[in-house]
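2 protein chains.
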Amino acid sequence: MASSLLSTPSQTLAPAPAAARLRAARPAQVLFPRRSRALRVRASVAIEKETPESEPPPTFLREDGQGAGSGSVRERFESMIRRVQGEVCAALEEADGSGARFVEDVWSRPGGGGGISRVLQDGRVFEKAGVNVSVVYGVMPPDAYRAAKGEAGKNGAAEKPGPVPFFAAGISSVLHPKNPFAPTLHFNYRYFETDAPKDAPGAPRSWWFGGGTDLTPSYVIEEDVKHFHSVQKQACDKFDPSFYPKFKKWCDDYFYIKHRNERRGLGGIFFDDLNNYDQEMLLGFATACADSVLPAYLPIIERRKDTPFNEDHKAWQQLRRGRYVEFNLVYDRGTTFGLKTGGRIESILVSLPLTARWEYDHKPEEGTEEWKLLDACMNPKEWL
Amino acid sequence: MASSLLSTPSQTLAPAPAAARLRAARPAQVLFPRRSRALRVRASVAIEKETPESEPPPTFLREDGQGAGSGSVRERFESMIRRVQGEVCAALEEADGSGARFVEDVWSRPGGGGGISRVLQDGRVFEKAGVNVSVVYGVMPPDAYRAAKGEAGKNGAAEKPGPVPFFAAGISSVLHPKNPFAPTLHFNYRYFETDAPKDAPGAPRSWWFGGGTDLTPSYVIEEDVKHFHSVQKQACDKFDPSFYPKFKKWCDDYFYIKHRNERRGLGGIFFDDLNNYDQEMLLGFATACADSVLPAYLPIIERRKDTPFNEDHKAWQQLRRGRYVEFNLVYDRGTTFGLKTGGRIESILVSLPLTARWEYDHKPEEGTEEWKLLDACMNPKEWL
Chain F
102 MASSLLSTPS QTLAPAPAAA RLRAARPAQV LFPRRSRALR VRASVAIEKE
152 TPESEPPPTF LREDGQGAGS GSVRERFESM IRRVQGEVCA ALEEADGSGA
202 RFVEDVWSRP GGGGGISRVL QDGRVFEKAG VNVSVVYGVM PPDAYRAAKG
252 EAGKNGAAEK PGPVPFFAAG ISSVLHPKNP FAPTLHFNYR YFETDAPKDA
302 PGAPRSWWFG GGTDLTPSYV IEEDVKHFHS VQKQACDKFD PSFYPKFKKW
352 CDDYFYIKHR NERRGLGGIF FDDLNNYDQE MLLGFATACA DSVLPAYLPI
402 IERRKDTPFN EDHKAWQQLR RGRYVEFNLV YDRGTTFGLK TGGRIESILV
452 SLPLTARWEY DHKPEEGTEE WKLLDACMNP KEWL
Chain Y
102 MASSLLSTPS QTLAPAPAAA RLRAARPAQV LFPRRSRALR VRASVAIEKE
152 TPESEPPPTF LREDGQGAGS GSVRERFESM IRRVQGEVCA ALEEADGSGA
202 RFVEDVWSRP GGGGGISRVL QDGRVFEKAG VNVSVVYGVM PPDAYRAAKG
252 EAGKNGAAEK PGPVPFFAAG ISSVLHPKNP FAPTLHFNYR YFETDAPKDA
302 PGAPRSWWFG GGTDLTPSYV IEEDVKHFHS VQKQACDKFD PSFYPKFKKW
352 CDDYFYIKHR NERRGLGGIF FDDLNNYDQE MLLGFATACA DSVLPAYLPI
402 IERRKDTPFN EDHKAWQQLR RGRYVEFNLV YDRGTTFGLK TGGRIESILV
452 SLPLTARWEY DHKPEEGTEE WKLLDACMNP KEWL
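Note that the protein sequences, when read in sequence, are chains F and Y.
When you read off a place in the first sequence, starting at 1, and then add 101, the result is the number in my numbering.
When you read off a place in the second sequence, starting at 1, and then add 101, the result is the number in my numbering.
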């Protein structure tokens, strides 16, 4: 996900990296046991083109009786991400302080669902800030579903169920400030459901949550990184003391630029395919995480947005932006999958910085501030 | 290949896009019938780390009696690419006119082979210019070879041959000028051989050539594009009148940014897995193509390097550089495969521009010069 602005079902469909998985067998995992299967699914979920809309609708949910009713998790998750989108955008406009406003693009898909992309570009504080929500309906092909069914077959489900409807909703955001001492932030929270195929009433339905928030500074300012991680930990600890250590490590594992042997940044939390807890508890957890974005990030922006800097600081920030591009285009599941399945390109790629830089064989001198950042990206630390 | 600086065997091992293939069954094709096989190969060709060397050796060829002798195609191909590297670098330094010089990095691998990377950065005319040669020895795993063998089985080859040695040599270059009216150039020519496994003397050996030269301007200046294509056509026509039309189309097909429905630039020629002609003829053809780089490109650089431009021209060039990054990191076989197999990262990524830009939802106004370039990237034209 990373850059993944969940404008397509792809972001949620893509398989999690094996090393980053917590459990041995879960619906989402069984769905994509091998890359070849993921590829087959990919080909089948290439989605309808979006239509621009003039106004955001009250809801993107369909009235199809599949859990869309009042009080359903789908409904409450959509409300939550739309509320958070509004709050984050308002707070960022205020922090930017230039009068620059988020530009909104609303889109829908003929089969139901749609999204709201909001982008603020070239503000005083923010170079580029995208905050997107989307609600997507799709259909999984039967062979992917059969692979997923596994145990379900024992429940007497039909031998060859039809296509499996799925639902995915999420908020995704990347915020790139101008000042080299003000870090980039990414967050993404998403909820996923599959329905039983209509011709296989005994087959299982499933759901899961995914998401995370992570910080990508160009310079290590310990006070900021500690503040950021401690707010993440507070959100986690309210639900389960094992969450922060587990999701902190998952984040370090996920945002890994293998060809550089570097993480993209200094981490945060990341989780995927989470369904082995009470559903209400996890909805509350995802909500608490999304609500932690502003308290985790805004104080850092306020402290760093006017820090004096020189050309060398800016050039180093631009090199790190290049790494951000490398991660998002080469490794990020949501981005790569979204590009290949025909998601809304401008929403997916709003995660890329306004500007980036690649110098041949650039190596910061040992002991410099640039070297310290690189070292922390190569050797993830415990910040708390 | 594109950016592919052939610093790893990967560039040559990666499968060609199906649409771009000329024939139904060739060794290179049969080697990688499905992605799953390519993945298996990928895992097995992850290569030894390179060692920096202080001086370029007279040859990177091993004295192992496998066609490395005087007058062999391997030897003549290595001589050719090293000569061309020297000539291109000298001509670019002169065109740059700033006194900026190519910096050279020589490297070798313990098992034999190595490369010479030359990079000129932040010159007067060139923002970043990389010209790399490499000579790589590797081993293909038996299962990939068995898939490749196909007909060979009929020749009485052993049931389970051992690993198959291969050899790959190539020159690869990307030249990014500063002036928005001076186009980016990429070229890459490579030669590949597989040996018979030692325990299967009846099994086939194979060889093939690949490569191409393509032009990526930010503005369509017809005079320049026509000159470039006509020099490519002249090189092709000396060998086979079918080459230019065939390889021009292959180039348009290969450098396709699917998620944008745009080509990276205005094409040129591209071919791969070429072995259905006389080997001497193809060596001559690859040599003629490589020798056409300077006559095709230098006159354009001379005409455009000092063209006056404004900030808007530069911003548009930077957006097109963003597209170059997207193609190279998302689609280019050599780059993506090289990153995943552990090639020399700095050599592979020297293809990326010094700076690039991404604006949300940028759309040039119809009829503008920017729109004309975009139109030509979306609807490839016949330039001659």
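Quick reminder that beta carbons are idealized off the backbone N, C-alpha and C, glycines included.
It should be emphasised that the depicted structure is a prediction, and the values quoted were computed from it without experimental measurement.
- Message: I'd like to check one pair, residue 176 of chain F with residue 161 of chain F: are the Cβ atoms closer than 8 Å?
- Response: Within the first sequence, residue 161 of chain F is the residue found at index 60, counting from 1. Within the first sequence, residue 176 of chain F is the residue found at index 75, counting from 1. The answer is no: Cβ separation not under 8 Å.
- Comparing the C-beta of residue 462 of chain Y with each C-beta of chain F, is any distance below 8 Å? Position 361 of the second sequence holds residue 462 of chain Y. Cβ-Cβ to chain F under 8 Å: yes for residue 462 of chain Y.
- Query: Along chain Y, which residues have their Cβ under 8 Å away from the Cβ of residue 440 of chain F?
  - Reply: Here residue 440 of chain F refers to the residue found at position 339 of the first sequence. Residues of chain Y whose Cβ lies closer than 8 Å to the Cβ of residue 440 of chain F are, in chain order, 359, 360, 431.
- Task: Measuring alpha carbon to alpha carbon, tell me which of F:296, F:381, F:398, F:209 ends up nearest residue 314 of chain F.
- Result: The residue you call residue 314 of chain F lines up with position 213 of the first sequence. The option with the nearest alpha carbon to residue 314 of chain F is F:398.
- Query: How would you write the range of the beta strand (DSSP E) that residue 317 of chain Y sits in, first residue to last?
  - Reply: By one-based count along the second sequence, residue 317 of chain Y stands at place 216. Element bounds for residue 317 of chain Y: 307-317.
- Would you grab the beta carbon distance between residue 186 of chain F and residue 322 of chain F for me? Rounded to a whole angstrom, and I think it's under 8 Å. To locate residue 186 of chain F, count along the first sequence from 1; it is residue 85. To locate residue 322 of chain F, count along the first sequence from 1; it is residue 221. The Cβ separation is near 28 Å, so there is no contact.
- Item | Inter-residue Cα distance where the pair is residue 210 of chain F and residue 152 of chain F | Within the first sequence, the letter at position 109 stands for residue 210 of chain F. Within the first sequence, the letter at position 51 stands for residue 152 of chain F. C-alpha separation (whole angstroms): 6 Å.
- Query: What separation, rounded to the nearest whole angstrom, lies between the Cα atoms of residue 256 of chain Y and residue 346 of chain Y?
  - Reply: Along the second sequence, one-based indexing puts residue 256 of chain Y at 155. Along the second sequence, one-based indexing puts residue 346 of chain Y at 245. Its pLDDT being 43, under 50, residue 256 of chain Y is placed unreliably by the model, and nothing is read from it.
- Task: Figure out for me which residue from F:390, F:328, F:374, F:455 has the closest Cα to the Cα of residue 483 of chain F.
- Result: Translated into the one-based positions of the first sequence, residue 483 of chain F becomes position 382. Closest by alpha carbon: F:328.
- Task: For residue 292 of chain Y, I'd like the list of residues in its chain whose CB is within less than 6 Å of its CB, leaving aside the five on either flank, ordered along the chain.
- Result: Residue 292 of chain Y sits at position 191 when you count from the first residue of the second sequence. Cβ within range, chain order: 178, 270, 310.
- Query: For residue 277 of chain F versus residue 454 of chain F, is the C-beta spacing smaller than 8 Å?
  - Reply: As a first step, residue 277 of chain F is located in the first sequence; it is residue number 176 there, counting from the start. As a first step, residue 454 of chain F is located in the first sequence; it is residue number 353 there, counting from the start. Yes.
- Going along chain F in order, which residues have a C-beta closer than 7 Å to the C-beta of residue 458 of chain Y? Here residue 458 of chain Y is taken as the residue at index 357 of the second sequence, counted from 1. For residue 458 of chain Y, the neighbours in chain F by C-beta distance under 7 Å run, in chain order, 455, 456.
- Query: Along chain Y, which residues have their Cβ under 9 Å away from the Cβ of residue 186 of chain F?
  - Reply: In the first sequence, counting from the first residue as 1, residue 186 of chain F sits at position 85. Neighbours of residue 186 of chain F on chain Y: none; closest Cβ ~16 Å, over 9 Å.
- Message: As a quick exercise: from Y:218, Y:356, Y:217, Y:468, pick the residue whose alpha carbon is nearest that of residue 286 of chain Y.
- Response: The count along the second sequence starts at 1 and reaches residue 286 of chain Y at position 185. Considering only alpha carbons, the answer is Y:356.
- Query: With distances taken from CA atoms, which of F:459, F:421, F:340, F:469 is nearest residue 281 of chain F?
  - Reply: Position 180 of the first sequence, counted from the first residue, corresponds to residue 281 of chain F. Ranking F:459, F:421, F:340, F:469 by Cα distance to residue 281 of chain F puts F:421 first.
- Message: To test your reading of the DSSP string, which unbroken beta strand (DSSP E) runs of 3 or more residues are found completely within the stretch 336-401 of chain Y?
- Response: 369-375
- Would you mind sorting residue 339 of chain F into buried or exposed? The rule is 16 or more other CB atoms within 10 Å of its CB. The count along the first sequence starts at 1 and reaches residue 339 of chain F at position 238. Residue 339 of chain F should be labelled exposed.
- Is DSSP giving residue 180 of chain Y helix, strand or coil here? Along the second sequence, one-based indexing puts residue 180 of chain Y at 79. Three-state result, residue 180 of chain Y: helix.
- Does the beta-carbon distance from residue 377 of chain F to residue 308 of chain F come in below 8 Å? Here residue 377 of chain F is taken as the residue at index 276 of the first sequence, counted from 1. Here residue 308 of chain F is taken as the residue at index 207 of the first sequence, counted from 1. Result no, Cβ atoms of residue 377 of chain F and residue 308 of chain F do not sit closer than 8 Å.
- Message: On the DSSP letters alone, give me the boundaries of the beta strand (DSSP E) that residue 224 of chain Y sits inside.
- Response: As a first step, residue 224 of chain Y must be located in the second sequence, where it is residue number 123. Segment: none, residue 224 of chain Y is in no beta strand (DSSP E) and carries neither H nor E.
- Is the beta carbon of residue 264 of chain F sitting closer than 8 Å to the one on residue 240 of chain F? As a working mapping, residue 264 of chain F is identified with position 163 in the first sequence. As a working mapping, residue 240 of chain F is identified with position 139 in the first sequence. Yes, the pair counts as a contact, with Cβ atoms nearer than the cut-off.
- Task: Within 10 angstroms of the Cβ of residue 364 of chain Y, are there 16 or more other Cβ atoms? Answer buried if so, exposed if not.
- Result: Here residue 364 of chain Y corresponds to residue number 263 of the second sequence, with the count starting at 1. Answer is buried; the Cβ neighbour count reaches 16.
- Report the residue from Y:213, Y:438, Y:351, Y:193 whose alpha carbon sits nearest the alpha carbon of residue 158 of chain Y. By one-based count along the second sequence, residue 158 of chain Y stands at place 57. A check of alpha carbon separations from residue 158 of chain Y across Y:213, Y:438, Y:351, Y:193 identifies Y:213 as the nearest.
- Is the CB of residue 446 of chain Y under 8 Å away from at least one CB in chain F? Indexing the second sequence from 1 puts residue 446 of chain Y at position 345. Yes, because at least one Cβ of chain F sits closer than 8 Å to the Cβ of residue 446 of chain Y.
- Message: Three or more C-beta pairs under 8 Å: does that hold for the stretch 399-413 of chain F against the stretch 404-415 of chain Y?
- Response: no
- Message: Would residue 196 of chain F and residue 226 of chain F be called neighbours here (beta carbons separated by less than 8 Å)?
- Response: Indexing the first sequence from 1 puts residue 196 of chain F at position 95. Indexing the first sequence from 1 puts residue 226 of chain F at position 125. Residue 226 of chain F sits close to residue 196 of chain F, with the two beta carbons spaced by under 8 Å.
- Does DSSP put residue 444 of chain F in a helix, in a strand, or in coil? Here residue 444 of chain F refers to the residue found at position 343 when the first sequence is read from its first residue. Of the three classes helix, strand and coil, the one that applies to residue 444 of chain F here is coil, per DSSP.
- C-beta neighbour in chain Y for residue 418 of chain F, strict 8 Å: Here residue 418 of chain F refers to the residue found at position 317 when the first sequence is read from its first residue. False, the Cβ-Cβ gap to chain Y never drops below 8 Å.
- Item | The beta strand (DSSP E) enclosing residue 290 of chain F, as first and last residue numbers | Sequence index remark: in the first sequence, residue 290 of chain F carries index 189 (1-based). Start and end: 285-295.
- Environment of residue 479 of chain Y [buried if 16+ CB atoms lie within 10 Å]: Looking up residue 479 of chain Y in the second sequence gives position 378. Exposed, by the Cβ-count rule.
- Report the residue from F:439, F:184, F:358 whose alpha carbon sits nearest the alpha carbon of residue 367 of chain F. What you label residue 367 of chain F is simply residue 266 of the first sequence in a count that begins at 1. Among F:439, F:184, F:358, the Cα nearest to that of residue 367 of chain F belongs to F:358.
- Message: Beta carbons nearer than 7 Å to chain Y: which residues of the stretch 214-225 of chain F have them?
- Response: 220, 222
- Item | Below-8 Å beta-carbon distance, residue 232 of chain F vs any chain C residue | Of the chains in the structure shown, none is chain C; the protein chains are F and Y.
- Item | Nearest residue (CA-CA) to residue 189 of chain Y, options Y:450, Y:219, Y:431, Y:463 | The residue given as residue 189 of chain Y occupies position 88 in the second sequence. Ranking Y:450, Y:219, Y:431, Y:463 by Cα distance to residue 189 of chain Y puts Y:219 first.
- Take residue 228 of chain F and list the residues in its own chain whose beta-carbon comes closer than 7 Å to its own, dropping the five residues that flank it on each side. Walking along the first sequence from the start, residue 228 of chain F turns up at place 127. Cβ-Cβ distances below 7 Å link residue 228 of chain F to 277, 278, 279, 454, 455 in the same chain, with the five nearest sequence neighbours on each side left out; the list follows chain order.
- Query: Roughly how many angstroms separate the alpha carbons of residue 215 of chain Y and residue 439 of chain Y, rounded to a whole number?
  - Reply: If you number the second sequence from 1, residue 215 of chain Y lands on position 114. If you number the second sequence from 1, residue 439 of chain Y lands on position 338. C-alpha separation (whole angstroms): 15 Å.
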